[in-house]
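K.L.:
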Amino acid sequence: MLTNRQFKIIQTFIDNDDYVSSKQLSTLFHVSSRSVKNDITTIKQFLVTNYNGIQLISVPSKGYLFEYDDLDSYSKLKVDFNDSNLALSYEDEQILRSKKIILLLFENKYITKWNIIDQLFISESTFYSDLKEVEVILQKYNLKISQKKQSGYFIIGSEKDKRLCLIKENIYNFDEDKIYHDEVLNIQNISKISETLSDILLKYQYRTSDTLLENLIVHIVITLERIRRGNLIDELISIPNVENLKEYKIAKAIFNSFLQPTLSINDEHLKNEVIQLTANLLGKSEYDQDTLISKETNTFIQESLEKIKNEFNVDFTNDVDLKISLSLHLVPLLNRVRYGMQQKSKMAKEIKVSFPLATDVASYFTLLIQQKYALKVSDDEITFLSLYFNYSLDSLKTEEDAKNILIITSLRQSETILIRQKFMHWFKNQIESLSFVRPNEAIKDLSNYDAIFTTDAFEDDRYSGAVVKIGLFPNDEDYVRINHALYGFTSAESVLSKLDKDLVFIGKAKNKEDVLNKLFKLSKEHFDLDHKFKKSVLEREDIGNTYYGSKIAMPHPLSPITKETFVALALLENEIDWGENQKVQIIIMVCTEMNNPKAFQFWHYISLLVSNDKLIHKLLNNLTYDNFISLMRTAILPEFN
1 MLTNRQFKII
11 QTFIDNDDYV
21 SSKQLSTLFH
31 VSSRSVKNDI
41 TTIKQFLVTN
51 YNGIQLISVP
61 SKGYLFEYDD
71 LDSYSKLKVD
81 FNDSNLALSY
91 EDEQILRSKK
101 IILLLFENKY
111 ITKWNIIDQL
121 FISESTFYSD
131 LKEVEVILQK
141 YNLKISQKKQ
151 SGYFIIGSEK
161 DKRLCLIKEN
171 IYNFDEDKIY
181 HDEVLNIQNI
191 SKISETLSDI
201 LLKYQYRTSD
211 TLLENLIVHI
221 VITLERIRRG
231 NLIDELISIP
241 NVENLKEYKI
251 AKAIFNSFLQ
261 PTLSINDEHL
271 KNEVIQLTAN
281 LLGKSEYDQD
291 TLISKETNTF
301 IQESLEKIKN
311 EFNVDFTNDV
321 DLKISLSLHL
331 VPLLNRVRYG
341 MQQKSKMAKE
351 IKVSFPLATD
361 VASYFTLLIQ
371 QKYALKVSDD
381 EITFLSLYFN
391 YSLDSLKTEE
401 DAKNILIITS
411 LRQSETILIR
421 QKFMHWFKNQ
431 IESLSFVRPN
441 EAIKDLSNYD
451 AIFTTDAFED
461 DRYSGAVVKI
471 GLFPNDEDYV
481 RINHALYGFT
491 SAESVLSKLD
501 KDLVFIGKAK
511 NKEDVLNKLF
521 KLSKEHFDLD
531 HKFKKSVLER
541 EDIGNTYYGS
551 KIAMPHPLSP
561 ITKETFVALA
571 LLENEIDWGE
581 NQKVQIIIMV
591 CTEMNNPKAF
601 QFWHYISLLV
611 SNDKLIHKLL
621 NNLTYDNFIS
631 LMRTAILPEF
641 N
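Reading the sequence shown from the start, the letters are residues 1 to 641 in the UniProt record's numbering.
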């Protein structure tokens with residue numbers, strides 16, 4: 001997607017036989033040379049994606065010029081960019097910059113003109129033009145710009161009106177850095193706020209809709225952030241008998257629950273905040289209206305979660321926390337993609353390997369984004385989204401498959417509280433019953449339990465090796481063991497059984513397409529697969545390539561479509577290109593069975609090998625099936641001991 005300015009830059013080049021320099025473009029559109037260069041980069045990529053055979057070439061000291069070898073494609077470009085209706089669909093970048101300026105001016109100190117210009121990469125004339133747009137927006141909320149000759153600019157007005165401006169103009173949704181890199185505004189805290197708020201509203205029997213609840217949560221998050229930054233409401237709203245109102249008691253309970261002791265706020269300011277929230281609760285329409293999360297965004301996310309449910313057999317549709325987090329993330333994400341500013345993830349490889357199901361769900365979600373908004377999300381951005389889905393997966397309610405758990409321990413009943421709390425924290429929505437017995441106690445029927453754990457070292461023939469050892473103070477390693485016992489494979493051999501020798505290709509391959517075709521052929525010979533299988537694997541590659549580093553690629557279907565879990569493996573004698581500067585020799589095509597979320601645990605075991613550089617080095621030195629199995633066993637065996 002292009003900005004309005006980028007649209008006009010393309011119009012400048014159409015039917016122009018002369019080179020146009022960046023300086024000319026900078027003067028024409030009142031922006032800096034850096035902005036022009038960023039626009040040119042975006043336009044070049046846009047042409048590659050949408051118009052075959054057209055290039056925007058650059059020649060030093062001359063400038064830029066269209067070059068094309070496909071007349072039909074160039075004719076289509078001319079028709080498209082002479083369409084006035086299409087031009088209107090391209091976003092006005094001035095609005096984008098104006099919102100950024102408002103955020104900068106909302107800091108607790110004056111900011112100079114040159115500071116703003118440097119941060120936005122704009123010219124001085126563009127700044128003054130944008131400032132007029134900012135003043136128009138602020139006037140709607142009784143806010144004004146104060147200017148001091150030496151200090152710069154600052155927005156003056158009441159804190160109440162400032163918050164209203166942020167919310168109504170959807171500005172907090174807009175700036176990624178001020179939301180997602182902050183300790184308050186993240187999915188874990190949104191989850192806590194959502195849970196606590198629901199309890200408070202239930203306690204006071206306050207009727208609420210989904211929209212009201214979601215927007216109220218975001219209001220609270222924004223309020224807490226403004227308070228944390230020292231922005232407090234000074235003016236007192238007069239409401240008769242306010243302290244007797246149910247809404248006042250709710251507002252007070254909310255602040256008592258969420259205000260951290262470290263935040264210094266006096267009683268007068270706190271009361272002002274409580275009364276302000278009371279007034280908003282009394283006027284439910286303040287939250288019922290789609291002022292925070294737009295109706296379009298809400299609808300898109302809900303429909304996307306329904307499609308994810310159909311594709312992956314995992315139901316996120318009732319996860320309010322996830323929906324809010326995705327809504328807040330989506331707006332700045334779309335803007336980053338539009339303006340060629342997608343973020344890099346330092347943890348991309350680790351996230352891919354650690355959270356494969358969440359990464360696949362996030363990849364599918366970005367495919368839906370591409371279909372809806374015609375914007376392609378990068379691999380790195382996908383990994384950020386996968387963290388939201390993984391958090392939701394961890395806390396997903398699975399009442400229909402709730403587990404009955406038995407823990408054998410020599411601890412007295414009164415001493416088991418820490419273990420009980422840890423289990424309920426990790427699996428709070430997934431446990432039907434949690435029972436404790438001492439090692440010498442008789443158990444009538446072991447089949448009543450889905451998993452059995454022990455804190456003691458003992459041997460008892462009654463359990464036939466079905467007991468998993470955990471610590472008295474369960475840690476993250478214990479969590480992995482517990483989770484696998486509840487949902488995953490039961491032994492190393494049960495994992496290795498999915499690695500059939502008949503599904504291995506060893507030899508040379510010409511390229512990526514060649515090796516994939518070899519693996520498709522092997523898979524089709526052993527399983528009942530139709531054309532959808534190959535199509536799904538290739539679609540997954542189109543969304544974001546599946547290179548995992550260390551000369552390893554792990555292609556797989558976009559979503560589970562096979563009846564069985566299996567791996568088709570290629571161990572190549574030569575390196576092939578998998579993407580830009582990505583050479584591979586080990587290709588692990590992982591297929592997990594449909595309608596069984598537990599099957600995704602298989603990814604965890606594969607990741608234990610893939611993420612172990614020492615084992616991969618040994619594999620590359622001896623690319624055989626037997627060595628692969630041996631190293632795989634070495635990687636996963638500790639999980640079952």
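All residues carry an ideal CB built from backbone N, CA and C; glycine is no exception.
Unbroken alpha helix (DSSP H) runs of length 4 or more, entirely within the stretch 48-117: which are they?
P.N.:
Here the runs fully enclosed are 71-80, 84-88, 93-105.
K.L.:
The alpha helix (DSSP H) spanning alanine 362 covers which residue range?
P.N.:
In the sequence shown, counting from the first residue as 1, residue 362 sits at position 362. 356-373 is the span of the alpha helix (DSSP H), which, as asked, contains alanine 362.
K.L.:
Excluding the 5 residues preceding and the 5 following leucine 164 in the sequence, name in chain order all residues of the same chain whose CB lies nearer than 6 Å to its CB.
P.N.:
Translated into positions along the sequence shown, residue 164 becomes position 164. Closer than 6 Å at Cβ, skipping near neighbours: Tyr141.
K.L.:
Output the distance between the C-alpha atoms of leucine 259 and leucine 615, rounded to the nearest integer angstrom.
P.N.:
The residue given as residue 259 occupies position 259 in the sequence shown. The residue given as residue 615 occupies position 615 in the sequence shown. Near 49 Å, if we compare the C-alpha coordinates of leucine 615 and leucine 259.
K.L.:
Arginine 412: buried (16+ other C-beta within 10 angstroms of its C-beta) or exposed?
P.N.:
Start at 1 with the first residue of the sequence shown, and residue 412 comes out as number 412. When all chains shown are included, arginine 412 counts as exposed.
K.L.:
Just to confirm the assignment: which complete alpha helix (DSSP H) runs, minimum length 4, are found wholly within the stretch 236-287?
P.N.:
Here the runs fully enclosed are 246-258, 267-282.
K.L.:
Decide if the stretch 348-360 is in contact with the stretch 323-330; the criterion is three or more beta carbon pairs, one per stretch, under 8 Å apart.
P.N.:
At 8 Å Cβ cutoff, the stretches do not touch.
K.L.:
Quick check on DSSP: helix, strand or coil for aspartate 577?
P.N.:
Stepping through the sequence shown from its first residue, residue 577 is reached at position 577. Of the three classes helix, strand and coil, the one that applies to aspartate 577 here is strand, per DSSP.
K.L.:
Nearest by alpha-carbon distance to serine 497: which of Gly549, Ala568, Asp514, Asn574 is it?
P.N.:
Here residue 497 corresponds to residue number 497 of the sequence shown, with the count starting at 1. Out of Gly549, Ala568, Asp514, Asn574, Ala568 has the C-alpha closest to the C-alpha of serine 497.
K.L.:
Are there 16 or more other CB atoms within 10 angstroms of the CB of threonine 3, so buried, or fewer, so exposed?
P.N.:
Along the sequence shown, one-based indexing puts residue 3 at 3. With 16 or more Cβ atoms within 10 Å of its Cβ, threonine 3 is classed as buried.
K.L.:
Using 8 Å as the Cβ pair cut-off and three pairs as the minimum, do the stretch 46-56 and the stretch 133-152 touch?
P.N.:
With a cut-off of 8 Å, the stretch 133-152 and the stretch 46-56 do not count as touching, because too few Cβ pairs lie within range.
K.L.:
Roughly how many angstroms lie between the CA atoms of aspartate 613 and glutamate 580, to the nearest whole one?
P.N.:
On the sequence shown, position 613 is the one that residue 613 refers to. On the sequence shown, position 580 is the one that residue 580 refers to. Between aspartate 613 and glutamate 580, the C-alpha separation is close to 22 Å.
K.L.:
Thinking isoleucine 167 and isoleucine 222 are a contact (beta carbons under 8 Å), I'd like their distance in whole angstroms, please.
P.N.:
Indexing the sequence shown from 1 puts residue 167 at position 167. Indexing the sequence shown from 1 puts residue 222 at position 222. Yes, they are in contact, since the Cβ atoms of isoleucine 167 and isoleucine 222 sit about 7 Å apart, within 8 Å.
K.L.:
Check whether the stretch 551-560 and the stretch 582-589 touch, using three or more Cβ-Cβ pairs below 8 Å as the test.
P.N.:
With a cut-off of 8 Å, the stretch 582-589 and the stretch 551-560 count as touching, because enough Cβ pairs lie within range.
K.L.:
Alpha carbon to alpha carbon, how far is alanine 635 from leucine 609?
P.N.:
By one-based count along the sequence shown, residue 635 stands at place 635. By one-based count along the sequence shown, residue 609 stands at place 609. Between alanine 635 and leucine 609, the C-alpha separation is close to 5 Å.
K.L.:
Please name the residue in Val314, Leu322, Lys323, Asp542 whose C-alpha comes closest to that of leucine 367.
P.N.:
Against the sequence shown, residue 367 aligns to sequence position 367. It is Asp542 whose Cα lies nearest to the Cα of leucine 367.
K.L.:
So what does DSSP say about leucine 406, is it helix, strand or coil?
P.N.:
As a working mapping, residue 406 is identified with position 406 in the sequence shown. DSSP places leucine 406 in strand when its eight states are reduced to three.
K.L.:
What is the rounded straight-line gap between the Cα of leucine 631 and the Cα of lysine 469?
P.N.:
By one-based count along the sequence shown, residue 631 stands at place 631. By one-based count along the sequence shown, residue 469 stands at place 469. Roughly 24 Å between the two C-alpha positions.
K.L.:
Mapping the DSSP letters down to three states, classify alanine 570 as helix, strand or coil.
P.N.:
Residue 570 sits at position 570 when you count from the first residue of the sequence shown. Residue state, collapsed to three classes: strand.
K.L.:
What separation, rounded to the nearest whole angstrom, lies between the Cα atoms of histidine 269 and serine 238?
P.N.:
As a first step, residue 269 is located in the sequence shown; it is residue number 269 there, counting from the start. As a first step, residue 238 is located in the sequence shown; it is residue number 238 there, counting from the start. Those two C-alpha atoms are separated by around 14 Å.
K.L.:
Nearest to lysine 203 by alpha carbon, out of Val242, Asp130, Leu387, Ala253?
P.N.:
On the sequence shown, position 203 is the one that residue 203 refers to. Residue Ala253 is the option with its Cα nearest to lysine 203.
K.L.:
Looking at phenylalanine 566: is its Cβ nearer than 9 Å to the Cβ of aspartate 500?
P.N.:
Here residue 566 corresponds to residue number 566 of the sequence shown, with the count starting at 1. Here residue 500 corresponds to residue number 500 of the sequence shown, with the count starting at 1. Yes; because the gap between Cβ atoms is below 9 Å, this pair is in contact.
K.L.:
Compare the Cα-Cα distances from phenylalanine 384 to each of His425, Ile629, Leu503, Leu333 and report the closest residue.
P.N.:
Walking along the sequence shown from the start, residue 384 turns up at place 384. Of His425, Ile629, Leu503, Leu333, the residue nearest in Cα terms is Leu333.
K.L.:
Is it true that the CB of phenylalanine 365 sits closer than 9 Å to the CB of isoleucine 405?
P.N.:
Indexing the sequence shown from 1 puts residue 405 at position 405. Indexing the sequence shown from 1 puts residue 365 at position 365. For isoleucine 405 and phenylalanine 365, no; Cβs fall outside 9 Å.
K.L.:
For asparagine 574 and leucine 538, what's the separation of their Cα atoms in angstroms?
P.N.:
In the sequence shown, residue 574 corresponds to position 574, counting from 1. In the sequence shown, residue 538 corresponds to position 538, counting from 1. Roughly 22 Å between the two C-alpha positions.
K.L.:
To the nearest angstrom, report how far apart arginine 34 and valine 590 are at their CA atoms.
P.N.:
Here residue 34 refers to the residue found at position 34 of the sequence shown. Here residue 590 refers to the residue found at position 590 of the sequence shown. Taking the straight line from one Cα to the other gives about 44 Å.
K.L.:
Would you kindly report the start and end of the unbroken alpha helix (DSSP H) that includes glutamate 432?
P.N.:
What you label residue 432 is simply residue 432 of the sequence shown in a count that begins at 1. From DSSP, glutamate 432 is part of no alpha helix (DSSP H) but of the beta strand (DSSP E) over 431-437.
K.L.:
Grab the span of the beta strand (DSSP E) containing glutamine 582 for me, first residue to last.
P.N.:
Against the sequence shown, residue 582 aligns to sequence position 582. Residues 582-591.
K.L.:
Is there contact between the stretch 4-11 and the stretch 38-54, where contact requires at least three CB pairs shorter than 8 Å?
P.N.:
Taking 8 Å as the limit for Cβ pairs, the verdict is that the stretch 38-54 does touch the stretch 4-11.
K.L.:
Which residues in the same chain as aspartate 450 place their Cβ atom closer than 8 Å to its Cβ, once the five residues preceding and following it in sequence are excluded?
P.N.:
The residue you call residue 450 lines up with position 450 of the sequence shown. Cβ neighbours of aspartate 450 beyond the five flanking positions: Lys403, Asn404, Ile405, Leu486.
K.L.:
Glutamate 639 to aspartate 130, Cα distance in whole Å?
P.N.:
Here residue 639 is taken as the residue at index 639 of the sequence shown, counted from 1. Here residue 130 is taken as the residue at index 130 of the sequence shown, counted from 1. Their Cα atoms are separated by approximately 59 Å.
K.L.:
What separation, rounded to the nearest whole angstrom, lies between the Cα atoms of lysine 76 and lysine 99?
P.N.:
Looking up residue 76 in the sequence shown gives position 76. Looking up residue 99 in the sequence shown gives position 99. The straight-line gap from Cα to Cα measures roughly 35 Å.
K.L.:
For glycine 63, which residues in the same chain have their Cβ closer than 6 Å to its Cβ, ignoring the five residues on either side in sequence?
P.N.:
Taking the first residue of the sequence shown as position 1, residue 63 is located at position 63. Around glycine 63: Tyr19, Val20, Ser21.
K.L.:
Could you tell me the alpha carbon to alpha carbon distance between serine 32 and lysine 113, rounded to whole angstroms?
P.N.:
Here residue 32 refers to the residue found at position 32 when the sequence shown is read from its first residue. Here residue 113 refers to the residue found at position 113 when the sequence shown is read from its first residue. C-alpha separation (whole angstroms): 15 Å.
K.L.:
In angstroms with no decimal places, state the Cα-to-Cα distance between glycine 507 and glutamine 370.
P.N.:
Looking up residue 507 in the sequence shown gives position 507. Looking up residue 370 in the sequence shown gives position 370. Computed Cα separation, rounded: 37 Å.
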